[in-house]
Every structure is written in C-alpha cells, then in structure tokens.
Amino acid sequence: RERTRGAVSIPGDRPSGIFTAGAAQRYVNIEGYMPGKEVVILGSGDIGLIMARRMSLEGAKVKAVVELMPYSNGLNRNIVQCLEDYNIPLYISQTVLDIVGDKRLEKVIISKVDDNRKPIKGTEI
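According to the numbering used here, the sequence shown holds residues 728 to 852 in order.
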C-alpha cells in the first residue's frame with residue numbers, strides 16, 4: 728500500500744508513488760507489480776538494500792539509497808551484493824529533504840546532514 732508523506736516521515740507534497748520497502752517488496756515479489764521505473768530508497772537496512780537490487784533486476788533505475796546515519800545499517804555482504812555489484816549509489820549522512828510532484832512523484836531532493844542529523848543548507852541535490 729502506498730503511504731502518505733506523514734506516514735513515512737518525509738516532507739513535501741503527498742503525490743502517489745511513495746512506498747515503504749516492505750510494501751514495494753510485496754508488490755514485486757507477490758503481486759508481480761513494479762511500483763516505479765525510477766527509484767530512490769530511504770534507509771540502508773537489509774530490506775532497503777535487497778529491494779534496491781531487486782528493483783534493479785526488475786528493470787527499474789535505482790537512483791540512490793539514502794541513509795541518515797554516517798554508515799549503512801545493512802550487512803557488508805548486502806552492501807556489496809546489492810549496491811556495489813549493481814552500481815547503485817549509497818548516500819550516507821544524507822536525508823530526503825523534499826518530495827515534489829502533483830499527482831505522481833516527480834522529484835526527490837536530498838541533503839547532507841550535520842552531526843545532529845539536521846539538513847545542511849546549500850547541500851541539496
């Protein structure tokens with residue numbers, strides 16, 4: 728099931744196209760449905776890493792895995808097998824600053840964070 732921005736603690740509008748990793752996993756693995764062609768994953772735990780690989784294998788362009796902490800929360804083997812082997816970038820010490828879109832998600836803006844995990848102005852991409 729798609730989530731509202733408030734349900735996943737992401738600022739911005741509430742366009743469709745935002746899923747938890749678990750919901751995306753269910754869509755792909757059980758229902759045979761691809762939730763998107765271009766993907767940004769927030770969080771680098773094992774489920775996020777595995778879904779980055781799975782979405783890539785299914786034909787999606789995984790643009791980034793974004794992690795708030797200065798390290799990945801996933802196993803090292805998953806970082807290698809799910810990200811490095813598929814050339815998926817991992818952005819650590821960064822977070823989703825904004826989501827943009829009218830009816831569908833069109834753009835995700837990420838920003839570096841300081842030691843207190845607060846966005847650093849001027850580092851948006």
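Where is the CB? At the ideal position from N, CA and C, for every residue including glycine.
Remember, predicted model here, so these are calculated numbers, not experimental data.
message: I want to know whether the region 763-780 touches the region 793-803 - three or more CB-CB distances under 8 angstroms.
response: Yes, they touch.
message: Could you compute how far the alpha carbon of K790 sits from the alpha carbon of G775?
response: The straight-line gap from Cα to Cα measures roughly 13 angstroms.
query: On the three-pair Cβ rule with 8 angstroms, is the region 799-811 touching the region 826-837?
result: No: the two stretches stay apart, fewer than three of their Cβ pairs being nearer than 8 angstroms.
message: For the beta strand (DSSP E) containing S838, name the first residue and the last one.
response: For S838, the enclosing beta strand (DSSP E) starts and ends at 834-839.
field: alpha helix (DSSP H) segment containing L889, residue limits
entry: The chain is shown only over 728 to 852; residue 889 falls outside these bounds and no answer can be derived.
- request: Using only alpha-carbon positions, find the residue among P742, R780, V823, P846 that is nearest to V755.
  value: Cα-wise, what sits closest to V755 is R780.
Coarse secondary structure for R780, derived from DSSP in three states: In the three-state reduction of the DSSP assignment, R780 falls in the helix class, which pools H, G and I.
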